[in-house]
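Residue numbers (our numbering), protein chains in the order written: chain A, 204 to 316; chain B, 24 to 137.
Report on one structure; see the data block that follows.
Next comes the structure, spelled out in structure tokens:
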């Protein structure tokens, strides 16, 4: 079955370190998204991509970057981790062919000490 | 941009009772409204959705209603069961530059008391 996976599921890092969170989908979806989830804020969009080599900033993109070199993967990089980036991160994908449904991964809990 | 407000933030109901979660949106261009259920430690999962050309949609114990004039939509769960306990998110989606842009509500934590 097609799925979307994230790794690692849990990560503890130190302030200032570079961290990369992986997202891999086998739906063959063109669209991929990264969200962070914090209490009281719901899901906030960090970056998104509508296809290979395409990346766009979301509402909370500062301190994050993404790259899209193939259809299946959209890694999220925290250039220099900050304590404010402690959060749960979700990757999602959707089909650009008309269905707007986003399918979410299981999430990565990131703690920045 | 689009703004989605969701109420209540927490909801407790007795098993067997109904639960209603309400959302409002600001941009009349929004045309697709999905609802997601998030269980503890998992990602959100789509449970039902509705498009702007439909006023109501049902799927067993779950129903969604949409009032385009008032710009609000609601999730109704009947005969609630303990396994319905979760966080529920509404969302509003619109076409922006040829792509669909989705805005989520802040979530409702539903607790079903056995």
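For each residue, glycine too, the CB sits at the ideal point set by N, CA and C.
On the DSSP bridge list, what partners appear for residue i?
i: residue 137 (chain B); result: Paired residue(s): none; residue 137 (chain B) is not in a bridge.
i: residue 268 (chain A); result: A:280
i: residue 146 (chain B); result: With chain B covering only 24 through 137, there is no way to say anything about residue 146 (chain B).
i: residue 38 (chain B); result: For residue 38 (chain B), which the question treats as bridged, DSSP gives no partner whatsoever.
i: residue 303 (chain A); result: Bridge partners of residue 303 (chain A): none, in fact.
i: residue 86 (chain B); result: B:81, B:99
i: residue 29 (chain B); result: B:46
i: residue 290 (chain A); result: A:313
Taking the beta carbon of residue i as the centre, do at least 16 other beta carbons fall within 10 Å, making it buried, or is it exposed?
i: residue 243 (chain A); result: exposed
i: residue 239 (chain A); result: buried
i: residue 64 (chain B); result: exposed
i: residue 269 (chain A); result: buried
i: residue 60 (chain B); result: buried
i: residue 131 (chain B); result: buried
i: residue 245 (chain A); result: buried
i: residue 98 (chain B); result: buried
i: residue 208 (chain A); result: exposed
i: residue 315 (chain A); result: buried
i: residue 123 (chain B); result: buried
i: residue 283 (chain A); result: exposed
i: residue 213 (chain A); result: exposed
Going along chain A in order, which residues have a C-beta closer than 9 Å to the C-beta of residue i?
i: residue 68 (chain B); result: 306, 307
i: residue 132 (chain B); result: Residues of chain A passing the Cβ test: none, with the nearest at roughly 10 Å.
i: residue 50 (chain B); result: Chain A residues near residue 50 (chain B): none, gap ~15 Å exceeds 9 Å.
i: residue 72 (chain B); result: 303, 304
i: residue 87 (chain B); result: Per Cβ cutoff of 9 Å: no residues; residue 87 (chain B) is ~14 Å from chain A at best.
Could you name the residues of chain B that residue i contacts, counting a contact when the two beta carbons are closer than 8 Å?
i: residue 310 (chain A); result: 64, 65, 66
Below 8 Å on C-beta distance, what does residue i contact in chain A?
i: residue 128 (chain B); result: 245
i: residue 116 (chain B); result: 303
i: residue 57 (chain B); result: 303, 304, 305
i: residue 112 (chain B); result: 245, 246
i: residue 36 (chain B); result: Ordered by position in chain A, no residue passes the 8 Å Cβ test against residue 36 (chain B), which lies about 21 Å from the chain.
What does residue i reach in chain A if we use C-beta pairs closer than 7 Å?
i: residue 43 (chain B); result: Within 7 Å Cβ-Cβ: nothing; residue 43 (chain B) doesn't reach chain A, min ~19 Å.
i: residue 77 (chain B); result: By Cβ distance, chain A contributes nothing, its closest Cβ being about 14 Å from residue 77 (chain B), past 7 Å.
Inset, instruction - Please determine if the stretch 253-264 of chain A and the stretch 36-49 of chain B are in contact, where contact requires at least 3 C-beta pairs separated by less than 8 Å. - result: no
Legend entry - Touching by the beta-carbon criterion (3+ pairs, under 8 Å), the stretch 292-311 of chain A and the stretch 26-44 of chain B: no
Inset, instruction - Take every Cβ of the stretch 216-228 of chain A, pair it with every Cβ of the stretch 94-106 of chain B, and state whether three or more of those distances are shorter than 8 Å. - result: no
Inset, instruction - Counting only runs of 3+ residues fully inside the stretch 219-263 of chain A, write out the beta strand (DSSP E) ranges in chain order. - result: 222-228, 234-241, 245-254, 257-260
Legend entry - At least 3 beta-carbon pairs within less than 8 Å: the stretch 26-39 of chain B vs the stretch 250-258 of chain A: no
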